[in-house]
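Structure follows, in structure tokens:
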């Protein structure tokens with residue numbers, strides 16, 4: 001019908017102790033199983049919160065065998081991509097004559113210090129201030145006001161605006 005009932009553990013311990021020899025590794029393992037049991041019971045982790053937070057494990061740095069992209073992304077904007085083109089029109093001409101200000105379309109990601117630095121490098125003039133706005137068509141317009149001793153009209157004619 002089924003297996004016969006097992007003998008109590010003490011009987012097994014005695015038998016294992018009798019059969020155990022010093023050089024016999026198999027018997028030593030069997031004895032260890034009988035003394036502590038076949039399955040070891042570990043300590044149970046006690047959770048104190050309802051949410052499980054995944055533990056942070058060691059993140060190995062990646063060392064790819066080959067690059068996944070053939071080219072690297074372009075870096076920051078340079079002095080030639082900052083200023084795109086000058087605006088020519090009645091209002092720009094009026095600003096040039098009355099307020100000593102030049103109007104340019106610049107890169108959307110260019111900041112005021114970028115515009116100032118680039119303008120100084122390319123045209124070798126001193127700048128008092130830079131005002132910017134983003135037009136409804138998504139382009140950035142920069143109003144570059146020159147210092148008093150330099151005339152925007154002269155620079156405009158040199159660049160080719162007038």
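In the UniProt record's numbering, the protein residues as written are 1 to 162. C-beta: ideal position from N, C-alpha, C; glycine also. Quick caveat, the model's predicted, so the values are computed rather than measured.
Residue 164: which of 122, 154, 153 and 104 sits nearest, CA to CA?
Given that the chain is displayed from residue 1 to residue 162, the structure contains no residue 164 and the question cannot be resolved.
Which residues in the same chain as residue 121 place their Cβ atom closer than 8 angstroms to its Cβ, once the five residues preceding and following it in sequence are excluded?
Residues of the same chain with a CB within less than 8 angstroms of the CB of residue 121, apart from the 5 flanking positions on each side, are 79 in chain order.
Return the chain-ordered list of same chain residues with a C-beta closer than 8 angstroms to the C-beta of residue 146, the five sequence neighbours on each side being excluded.
Taking residue 146 as the centre and dropping the five residues before and after it, the same chain places the C-beta of 100, 101, 102, 125, 126, 127, 128, 152 and 155 closer than 8 angstroms to its C-beta, in chain order.
Where the alpha helix (DSSP H) through residue 55 begins and ends
Per DSSP, residue 55 lies in no alpha helix (DSSP H) segment and is marked neither H nor E.
Should the segment 105–114 be called in touch with the segment 67–85, which here means at least 3 C-beta pairs below 8 angstroms?
Counting C-beta pairs with one atom in each stretch, the segment 105–114 and the segment 67–85 have three or more that are closer than 8 angstroms, which means they touch.
Sequence-distant residues of the same chain with beta carbon closer than 8 angstroms to residue 132, five excluded per side
Excluding five sequence positions before and after residue 132, the CB atoms of its chain that fall closer than 8 angstroms to its own CB belong to 106, 112, 115, 140, 141, 142 and 143, given in chain order.
I need the boundaries of the alpha helix (DSSP H) containing residue 153, first residue and last residue.
Segment 152–159, the alpha helix (DSSP H) holding residue 153.
Helix or strand or just coil, what does DSSP make of residue 28?
Helix, per DSSP.
Can you grab the Cα-Cα spacing for the pair residue 92 / residue 85, in whole Å?
Note on geometry: alpha-carbon atoms of residue 92 and residue 85 lie some 13 angstroms from one another.
Within 10 angstroms of its Cβ, does residue 95 collect 16 or more other Cβ (buried), or is it exposed?
By the beta-carbon neighbour count (other beta carbons within 10 angstroms, threshold 16), residue 95 is buried.
Residues sharing a beta bridge with residue 85, DSSP
As computed with DSSP, residue 85 is found in a beta bridge with 105.
I believe residue 88 touches residue 161 by the beta-carbon criterion, under 8 angstroms. Please report the beta-carbon distance rounded to the nearest angstrom.
Right, the Cβ-Cβ distance comes to about 6 angstroms (below 8 angstroms), so this counts as a contact.
Residue range of the beta strand (DSSP E) that residue 145 falls in?
Looking at the DSSP string, the run of the beta strand (DSSP E) that includes residue 145 is 140–146.
Could you tell me the alpha carbon to alpha carbon distance between residue 75 and residue 66, rounded to whole angstroms?
Roughly 21 angstroms separates the two Cα atoms.
Alpha carbon of residue 136 to alpha carbon of residue 71, nearest angstrom:
One Cα belongs to residue 136, the other to residue 71, and the distance between them is close to 33 angstroms.
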